[in-house]
Each structure stands twice: as C-alpha cells, then as structure tokens.
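Chains as they are written, first to last, in our numbering: chain A, 6 to 452; chain B, 94 to 437.
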Amino acid sequence: MDNVLLARSLFGSSMAFHIIFATLGVGITLMILLAEIMRLLKKDEDYGLLAKRWTKGVAILLGVAIPSGTIVAIMLSLLWPGYMEIVGQVIALPFQIEIFAFFIEALFLSIYVYAADRLTPTMRIVSVFFVALGATASAVLITDAHAWMNTPRGFDYVDGVVSNVRPLEAVFNPSIYVTAMHVIGSAYMTGAFMLASVAAYRLFRGGLTDRETTYHKKGLMLSLGVALLMSFYTANNGHDTAIMLHEEIPVKLAAAEGLFETQSNAPLAILGTPDPDAGRVVGGIEIAGMLSWLATGTTDGVVQGLNDFPQDEWPPLFVHTLFNLMVGIGTALLGLAALYWVIWFLGRKKQKPYPKWLLGALILGGPLAMIGVETGWIFSCTGRQPWTIFGIQRTSEAATNSGNLGMLFFLFLTLYISLLVLTGLVMHYYFKRNPVTHELEQPLSTT
Amino acid sequence: MENVYIAIIILWIFLFVYAIAGSIDFGAGFWAMFYRKRTDTKAASIANRYLSPSWEVTNVFLVLLVVALVGFFPGAASSLGTILIVPFCLVLILLTIRSAFMVYSYSVQKYTNMLVIISGVTGLLIPALLVSILPAAIGGFVETVGDRQYVLVNQLFTSPTFYTHIGFGISTELFLSSLLLSDYAREANSEETYHVYRKNAIVLGPITLAFAVAAIFTLIPEAFWMFENMANEWLWFTLSLLAFTIGYSALWWPSKKVSIGQPRVAVLLIALQFGLASFAYGSAHMPYFLYPDVTIYDAFTNDTMFQLLLIGYGVGMAVLVPIFIFFWRLFMKDKRYLKQEESH
Ligand code: HDD
Ligand code: HEM
Ligand code: HEM
Numbered sequence: 006m007d008n009v010l011l012a013r014s015l016f017g018s019s020m021a022f023h024i025i026f027a028t029l030g031v032g033i034t035l036m037i038l039l040a041e042i043m044r045l046l047k048k049d050e051d052y053g054l055l056a057k058r059w060t061k062g063v064a065i066l067l068g069v070a071i072p073s074g075t076i077v078a079i080m081l082s083l084l085w086p087g088y089m090e091i092v093g094q095v096i097a098l099p100f101q102i103e104i105f106a107f108f109i110e111a112l113f114l115s116i117y118v119y120a121a122d123r124l125t126p127t128m129r130i131v132s133v134f135f136v137a138l139g140a141t142a143s144a145v146l147i148t149d150a151h152a153w154m155n156t157p158r159g160f161d162y163v164d165g166v167v168s169n170v171r172p173l174e175a176v177f178n179p180s181i182y183v184t185a186m187h188v189i190g191s192a193y194m195t196g197a198f199m200l201a202s203v204a205a206y207r208l209f210r211g212g213l214t215d216r217e218t219t220y221h222k223k224g225l226m227l228s229l230g231v232a233l234l235m236s237f238y239t240a241n242n243g244h245d246t247a248i249m250l251h252e253e254i255p256v257k258l259a260a261a262e263g264l265f266e267t268q269s270n271a272p273l274a275i276l277g278t279p280d281p282d283a284g285r286v287v288g289g290i291e292i293a294g295m296l297s298w299l300a301t302g303t304t305d306g307v308v309q310g311l312n313d314f315p316q317d318e319w320p321p322l323f324v325h326t327l328f329n330l331m332v333g334i335g336t337a338l339l340g341l342a343a344l345y346w347v348i349w350f351l352g353r354k355k356q357k358p359y360p361k362w363l364l365g366a367l368i369l370g371g372p373l374a375m376i377g378v379e380t381g382w383i384f385s386c387t388g389r390q391p392w393t394i395f396g397i398q399r400t401s402e403a404a405t406n407s408g409n410l411g412m413l414f415f416l417f418l419t420l421y422i423s424l425l426v427l428t429g430l431v432m433h434y435y436f437k438r439n440p441v442t443h444e445l446e447q448p449l450s451t452t
Numbered sequence: 094m095e096n097v098y099i100a101i102i103i104l105w106i107f108l109f110v111y112a113i114a115g116s117i118d119f120g121a122g123f124w125a126m127f128y129r130k131r132t133d134t135k136a137a138s139i140a141n142r143y144l145s146p147s148w149e150v151t152n153v154f155l156v157l158l159v160v161a162l163v164g165f166f167p168g169a170a171s172s173l174g175t176i177l178i179v180p181f182c183l184v185l186i187l188l189t190i191r192s193a194f195m196v197y198s199y200s201v202q203k204y205t206n207m208l209v210i211i212s213g214v215t216g217l218l219i220p221a222l223l224v225s226i227l228p229a230a231i232g233g234f235v236e237t238v239g240d241r242q243y244v245l246v247n248q249l250f251t252s253p254t255f256y257t258h259i260g261f262g263i264s265t266e267l268f269l270s271s272l273l274l275s276d277y278a279r280e281a282n283s284e285e286t287y288h289v290y291r292k293n294a295i296v297l298g299p300i301t302l303a304f305a306v307a308a309i310f311t312l313i314p315e316a317f318w319m320f321e322n323m324a325n326e327w328l329w330f331t332l333s334l335l336a337f338t339i340g341y342s343a344l345w346w347p348s349k350k351v352s353i354g355q356p357r358v359a360v361l362l363i364a365l366q367f368g369l370a371s372f373a374y375g376s377a378h379m380p381y382f383l384y385p386d387v388t389i390y391d392a393f394t395n396d397t398m399f400q401l402l403l404i405g406y407g408v409g410m411a412v413l414v415p416i417f418i419f420f421w422r423l424f425m426k427d428k429r430y431l432k433q434e435e436s437h
C-alpha cells in the first residue's frame, strides 16, 4: 500500500473504533439523565436502578472512549499535517472549545461515579446533566469540523496560502446545522436501541421473577420511547441532509445514488452496484422520479449526475452500498420502534408478555443502529474523496510523508481488536456477577 | 509582548500543568505497583485511591496540549509530526491499554492485579517516551532528504543527552509523585504511609537534581547553541535552585499534624522549582521548535485566529476553574472519600 492509502486506513479504522464508544457515550448518558429524572418524577426506585446500571456500563465504555478519542485527536495532527495546517488557521475554534466540553464531561462523570453516595438527588441530576451536555457538545463541535470539510468557508486559498480568514463564517458553515443534528439524533437513537437490545435480551431469555420482568419492561419502554422519537427525527433530518448534499456537494449525492446522467425525474436506486460502463445501477430496484422528488421536492427537479464531473473527482462508487445500508437501517428501525408501540398499545390492558419475535427483532436493533452509524460515517468520509477539504485540498496533499505507517497500522489494529473483545468480556462478567435480582431485593443504596 | 510569545507561553503553561499532573498520575501508578505486596502500610491503596478519579482529567490535559499546539502553531505539525509519530503512537497505545485496564479492574476484581502491573510499567514507559522527544527536538538528530525528514535513530540512541533527559524525566516523576502522595497520605491521616513516601522523596530529591545538571551538561556537545542560551537564563535557574532547596528542606520542618515535615509546602515549592526550570529550558529553546528548520514565527497562526483562541481559552478557564475547585475538594479534601478502607 502506498503511504496515503496506509494513512487513510489507519485513520479510518481508528475513527471507526472511536465512534462505537463515542456514540454510546453520547446516547446512553442521555438515557441516564432521563432515568434519573423519571426516578424523581415517579418516585420509582426502579429508574434509579436503571440509571445506576447504565452508568456502570457507560463508565466501562468511557474507559475506552477517552483513550481512543485521544488517539484520533493526536493522529489527526500526525497523519494529516497538511490538513491541520489549514485547520489551525481557519477552524481551530471547535477543536479548542471541544476540549472544555471534554473537561466538563470528565469532571462531572468522576463526580457522578465516584462521589454518588455523597451527592443529593438534585446534585446527581445536575452532574449527569453536565455529563450528557459535555458529551453532546463535544459531538456537535467535532461534527462542525467535519461539516466544514464538506462545505469549507471562511477563508481564501490561493497557491497553498491561506488568507483573509473569517473564523465565524467557517464555524457556521452551511452544512453544520443539518449535519450536527443528524449526528446527535442518530447517536441518541443508537444509545436507546442498544439499551432496548439489552432489556429485550433479558426478557427473551425468560426465567425472570415478576419483579425483574417489570424492571426490564420499564427499561424497554423508556428506551423505545426515545428510540421512536429519535429514529423519526433522524430519518426526517437525513432527508434534509440529502437536500444539503444536492445543493452543496452534488457529486457525493450522485455517487450515493449511483446516478450517472444529469436528469429531471431522476430515479431512486435501491441496492445494486453502480456500473460506469452501463451508466446506471445494475441489479437494483429503481423508483422513477423518487430521487428528484426527495432532493428538490418535485419529480421535475434536475439532479446532477456523475458524468458532469471529471472522473478523477469521483468518490469510490461502493459508497452507494454504504448509503443504502444506512438508509435501510434507518427505515427498518423506525418501523420496528413504531411496531413495538402498536403492540404495546393493543396489549396494554392484558399484561401479556411481548411476543418472542418482537423481542428477537429488538435484540438486533442496537447492533443494527451501530452499523447505521458506522456506514453513515464511512459513507460521509469516503464519499468526500479524493478531497479532504472539499474542492480545496486533496487527501494526498494532506497526508504525512513519514514512513513507519505500516507497522503502526498493524499495532493499532491489534489493539482495537483486543480491546473490543476485552471490553465485551468485562461487560459480560460484570453484569453476570452482579445480576439485577440482588439489587432489586435490597433497598437502593448508592455506592 | 508579541502575539507569538503569548501563544508560546500559554503552550508552556499547558505543558507544565500536564507535566506535573502526568508525573503524579503515572508516578502513583508506579508506586501502587511497587508497594503492591506490602501489607504493613497503605502505600499502595493510597496511590490507587488517588489515581481512580484523576486519570481522566489528566488525560484531557494531554489532548489540550496537542490541540493548543496545532491551533497556535499549525505550521509545526508537519515537521514535528515526523519526529513524533513513532514515540507518540507508542505512548497512545500504552495509554489506551492503561486507561482500559483502569476501568476494567474497577469493574471486575480479577483484573486488579494485572492493572497494578500495567499501570506501574506504563507509568515508567510513557513519561520516558514523552521526555525522549525533548532531546530529539534539540536538533542534530533530524536529517532532511528531499521533502522527507528522517530521525537519525542510531545517533539519538548513542547520545548521552538522550539518557540523561530520560533519567531526569523519570526521577522527576517519581520525586513529585512521592511528595504529593505523602501530602495525600497526611490528609488521609495515615501517618506510616506518609513516612514511606517522605522517605522516597528524600532519596529522590538529590537524584533528580543530579540528573537535571547532567542533562544540561550533556547538551554541550550536541547543541551548543542551546547551552549558550541557557547561560543567559541563569537567573531563572538560580531561582529554581533556591525553590528546590527550600522545598526539600520543608520535609524536615516541624509540623503539628505529623511528627516531622510539611509536605504541602514541599509539593508547592518543588512544583514551582520545576516550573522555573522548565520555563528557563523553554526560553533557551526559543525561537526554534525544531532546530534549525522550524521557528515559532514560521509556524504561527494568523492574528484573527489567535485572538479568537485567546478569548476561547479565557472563557473556558473561567468556566472550568470553579468546577476544578469543586472536584478538588470532593476528592482531595473530603474525609469520607479519603478514609474509605476499600477503594472501589
Ligand atoms: C443510526 C444511524 C443513522 C441512521 C438510521 C441514518 N443516518 Fe444518515 N448518517 C448517520 C447516521 C444515520 C451519521 C453516522 O451520523 C452520518 C455520517 C456523517 C454525518 O454527518 O452523519 C450520516 C450521514 C448522512 C448523510 C451524508 C451527510 C454528509 O456526507 O455530509 C446523508 C445524506 C444521510 N445521512 C441521510 C440519511 C437518511 C436519508 C436516512 C434515512 C433514514 C439516514 N441518514 C439514517
Ligand atoms: C462525530 C464523531 C464523534 C463523536 C460523536 C465523539 C464523541 C466523543 C465522546 C462522547 C467522547 C467521550 C468524552 C469524555 O468522556 O471525555 C469522546 C472522546 C474523545 N474524542 Fe471523540 N467524538 C467524535 C469524533 C472525534 C474526532 C474526529 C476527534 C479528533 C479530533 C475526537 C477527539 C476526541 C478526544 C480527544 C476524546 C478524549 C477526550 C478526553 O480525554 O476526555 N473525537 N468523543
Ligand atoms: C467518527 C466517525 C468517523 C468515521 C468512522 C470516519 C471514517 C473515515 C474514513 C474511513 C476515512 C478514510 C476515507 C478514505 O480514504 O476513503 C476518513 C478520513 C478522514 N476523516 Fe473521517 N470519519 C469519522 C469522523 C470524522 C470527523 C468528525 C472528522 C473531522 C474532524 C474526520 C476527519 C477525517 C479526515 C481529516 C480524514 C483524512 C483525510 C481524508 O481521507 O479525506 N472524520 N474518515
């Protein structure tokens, strides 16, 4: 592999690793906050127990989220010095403010975890609130840098020299709003579906006491409430994101949809592989006019195709599949959450257990949402190729020219795989050793 | 003062804070390992209790440092990156393993032993790797061929200043952490642990000083320009020596709470000493990031961005300082936390 490709692989896999823990850090802290609030409102200690056990999970996850974030932050400078040279002059602000968000999150998390027994109930809510706020803010801020890479603004760039810098224009670039909301919405959605998966798994396995069943059902309901809201929001806002692409980065939308010819009444292609020789997506389903309608609001709208752009500015065409996966998962999970509430509504009088197939599907929900996040991100970053800063700097110009990347790639990959396995094992042992039955039997103590 | 000097001073402050916080954090990890078999003192558990809530916060300082560096000096990224990529990536891997096990052992008891070893060993390796960057940046160890830069690893490894720097890094780390832990043990009313750490500090103080002097003198053959600059900073170095002397002697001052010594005074003065010395070392390094190719002037960002960043740090610090104080009181002062028999 050449140096640039190695740098891309090393950075991409590091991001893909970080995002697993980061997304859950954002999503689950929101759920903990909601559980603490429910506990206060309903005076129901089951919610306190949910919050406590979820916190345990988050504490384990953050043990990996924080160092993996440290890795990507430092790698960004080490692997992409050309990119950082422009970032430092134009969009250093979100990176800087993000640090303060991290501080707030890390400090309050330590307070919430290590000093829980010394805090009043209100102070506990205040602490988790700041943890959730810190996580969400750091996601918004880093997404700002990412949005700016898609729609770079706020500077002039002539012959490799940055001038006339307008930092606020860079921060409030045209895609930040939709992109940040999409990232946050999908993170909340993923956190909620993950917790729903856990609860559904317990209910699916059966053999629970009535007390345990009620407890897990509360967890399931709270999670799926958030999951329904957020998957609706994410899908709707994903549509706005696609419109943003249509207006700002048409070549990315064209690659996502495998559209070669600029046309009105453009079809939406689902599945299949884009084939440049045939000039269309082969082996997929096409819905006539749908893409024009989605991107412009009418079937007459003109959508630009790949052939409008020089071929060396096309992203790799496999992004079509990544995009399909994300949208497919989004649609399926929205349906699943809605279905749950229909079944809940029909059965609410009779206290019937949930059907097994529903619980089975819900178990898959969390992992699927995570795949949605991964494919969405890889789509977004790979779909920007060959540009690192769209239209300004190519990836090859951003990359480091230092050697040794091959060895480092191997080392980091080994590290990521081992940590994924270990973290899974630790979670498994911890929750097996400390089953919820024990804690349900005793009054809630907050150690 | 010129903007570029304000920026480099802010950077130095972050570096200083990370060096102190990191020394204490990694040092605590080492002491927890060192005393793990001793049952007659609480030295290991005191070190561990200090470590649990503090590592995340220390870690953010590392990120802060790097982000501030590329924010203020974006032009330094590419040439510094070449020297830094291997040591920094190794540090990152070690840090990740360490943090992960910190949390694993908090959750699953059977990892506790492994954690103690991992955090002890990484507690020495990480600072050593980080400090090894210093001699590499002094110059003479980087060769530029075409548009690529290479670190002359063989020359670096055979140079005495490389080893004196590392020796200095590790002894400072252990010295500072002993001092802080002795203070911490005193807060926790654990007198015999206090004496264990006080004794360590007494032994390590002169060793640290000796390494510091050796590090400076081994610079002469490698980087005479820097040695000359240092001679101009003699005032700072003298003050630093003074702070050391007073701080070290505080270990024998009479005290009301323990039989002998004022560890709080000692920690503060030794930190001051370290601050003065590192400031002098840094000034002597100016105006180069990487001698002789990269100066702080070449690498500096534009003035608009600089001003915004400055405002950002001002506001950020104003928000954070009260939270830090709250945090400090919760873990360093609260008797209920300090005195728990069993750390989580
Ligand atoms: C649970 C995860 C999830 C789900 C269900 C969806 N998305 Fe998404 N999507 C993301 C998670 C995500 C993401 C990981 O958060 C991305 C990657 C980069 C970004 O800004 O957000 C993203 C990016 C992203 C982009 C590219 C933005 C860019 O490149 O700048 C578009 C056009 C969409 N999404 C559209 C949709 C649509 C129409 C969905 C319909 C259901 C959808 N997404 C569901
Ligand atoms: C949009 C994708 C991302 C999301 C949602 C996200 C979110 C998070 C979250 C929730 C954490 C845990 C924070 C804590 O407890 O302190 C975290 C850690 C971190 N992330 Fe990310 N992150 C993303 C991408 C990135 C990128 C691209 C970088 C590199 C610039 C980065 C840098 C960091 C750093 C440095 C940390 C560790 C902070 C610490 O030391 O506490 N993140 N991230
Ligand atoms: C957290 C989820 C993310 C994932 C999974 C991800 C994934 C990737 C992948 C796979 C690549 C390589 C692209 C290719 O060469 O085909 C890449 C490149 C890159 N990404 Fe992202 N990314 C994420 C978020 C971000 C964010 C938030 C930023 C903004 C700071 C960012 C900045 C970059 C940069 C600078 C590159 C290298 C240059 C380039 O290839 O264009 N990434 N990322």
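The C-beta atom is built at its ideal place from N, Cα and C for all residues, glycine as well.
Pull up the distance between the alpha-carbon of residue i and that of residue j, whole angstroms please.
{"i": "A/Leu29", "j": "A/Lys61", "result": "13 Å"}
{"i": "A/Phe417", "j": "A/Met375", "result": "21 Å"}
{"i": "B/Phe127", "j": "B/Gly216", "result": "11 Å"}
{"i": "A/Ala366", "j": "A/Ser202", "result": "9 Å"}
{"i": "A/Gly93", "j": "A/Pro440", "result": "49 Å"}
{"i": "B/Leu297", "j": "B/Ile117", "result": "14 Å"}
{"i": "A/Asn406", "j": "A/Ala185", "result": "32 Å"}
{"i": "B/Gln202", "j": "A/Ser423", "result": "19 Å"}
{"i": "A/Lys437", "j": "B/Ser200", "result": "12 Å"}
{"i": "A/Trp298", "j": "A/Gly310", "result": "15 Å"}
{"i": "A/Asp7", "j": "A/Met235", "result": "41 Å"}
{"i": "B/Ile210", "j": "A/His187", "result": "43 Å"}
What do you reckon, are the CB atoms on residue i and residue j nearer than 7 Å?
{"i": "A/Pro86", "j": "A/Ile394", "result": "no"}
{"i": "A/Ala70", "j": "A/Ala27", "result": "yes"}
{"i": "A/Gly190", "j": "A/Asn242", "result": "yes"}
{"i": "B/Ala161", "j": "B/Leu383", "result": "no"}
{"i": "B/Phe165", "j": "B/Thr338", "result": "no"}
{"i": "A/Leu273", "j": "A/Leu296", "result": "yes"}
{"i": "A/His251", "j": "A/Ala300", "result": "yes"}
{"i": "A/Phe265", "j": "A/Asn312", "result": "yes"}
{"i": "A/Ala111", "j": "A/Val31", "result": "no"}
{"i": "A/Gly263", "j": "A/Val286", "result": "yes"}
{"i": "B/Phe304", "j": "B/Ser264", "result": "yes"}
Out of the options, point me to the one whose CA is closest to residue i's CA.
{"i": "B/Gly115", "options": "B/Leu223, B/Thr301, B/Cys182", "result": "B/Leu223"}
{"i": "A/Pro360", "options": "A/Gly371, A/Pro372, A/Ala144, A/Leu344", "result": "A/Leu344"}
{"i": "B/His258", "options": "B/Leu312, B/Glu284, B/Phe234", "result": "B/Leu312"}
{"i": "A/Ala140", "options": "A/Asp317, A/Leu67, A/Asn178, A/Phe237", "result": "A/Leu67"}
{"i": "A/Glu90", "options": "B/Ala169, B/Val184, B/Leu185", "result": "B/Ala169"}
{"i": "B/Ile99", "options": "B/Ile418, B/Val412, B/Ile404, B/Val289", "result": "B/Ile404"}
{"i": "B/Ser270", "options": "B/Ala125, B/Arg422, B/Leu104", "result": "B/Ala125"}
{"i": "B/Glu149", "options": "A/Pro72, A/Gly53, A/Glu253, A/Ala56", "result": "A/Pro72"}
{"i": "A/Tyr434", "options": "B/Val110, B/Ser198, B/Phe181, B/Val179", "result": "B/Ser198"}
{"i": "B/Ala121", "options": "B/Pro220, B/Val358, B/Ala411, B/Phe372", "result": "B/Pro220"}
{"i": "A/Leu341", "options": "A/Val136, A/Arg389, A/Phe198, A/Val118", "result": "A/Phe198"}
For the alpha helix (DSSP H) containing residue i, name the first residue and the last one.
{"i": "A/Phe350", "result": "324 to 352"}
{"i": "B/Val296", "result": "284 to 315"}
{"i": "B/Pro253", "result": "253 to 280"}
{"i": "B/Arg191", "result": "170 to 200"}
{"i": "A/Ala293", "result": "Careful: A/Ala293 lies outside any alpha helix (DSSP H) and carries neither H nor E."}
{"i": "A/Ile147", "result": "126 to 155"}
Beta strand (DSSP E) containing residue i: first to last residue?
{"i": "A/Tyr359", "result": "First-last for A/Tyr359: undefined, no H or E at that position."}
{"i": "A/Ser168", "result": "166 to 168"}
{"i": "B/Trp329", "result": "From DSSP, B/Trp329 is part of no beta strand (DSSP E) but of the alpha helix (DSSP H) over 327 to 342."}
{"i": "A/Pro279", "result": "278 to 280"}
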